[in-house]
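Each number in our numbering comes from the position in the sequence shown (counting from 1) with 282 added on. Inspection log for the structure reproduced underneath, given as structure tokens.
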Amino acid sequence: MIGWVSSAEAPRFAEVVTAFTEQVRALGPNPLKQAQAATA
């Protein structure tokens with residue numbers, strides 16, 4: 283997702299960051315990081 287937020291749009295910035303954070307959390311843990319931890 284790409285979005286543009288002006289420095290004068292603090293509420294919009296908060297919305298964009300919150301939505302992005304929710305998307306990342308929905309993806310769950312990084313499977314590569316878990317695989318590396320299992321082999322270490």
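By construction, the Cβ of each residue, glycine as well, lies at the ideal position given by its N, Cα and C atoms. Keep in mind it's a predicted model, so treat the numbers as computed, not measured.
Just the Cα atoms here: how many angstroms apart are residue i and residue j?
i, j, result
"T321", "N312", "15 Å"
"E304", "E297", "11 Å"
"W286", "A319", "37 Å"
"V299", "P293", "10 Å"
Once the 5 residues before and after residue i are set aside, which same chain residues still bring their CB inside 8 Å of it?
i, result
"I307", "Reading off the sequence, residue 307 comes out as Arg, not Ile. Once the five neighbours on either side are set aside, R307 has no close Cβ partner at all."
"F295", "V287"
For residue i, which residues of its own chain have a beta-carbon under 6 Å away from its beta-carbon, when the five flanking residues on both sides are left out?
i, result
"S288", "none"
Taking only three categories from DSSP, how would you classify residue i?
i, result
"V287", "coil"
"A322", "coil"
"P311", "coil"
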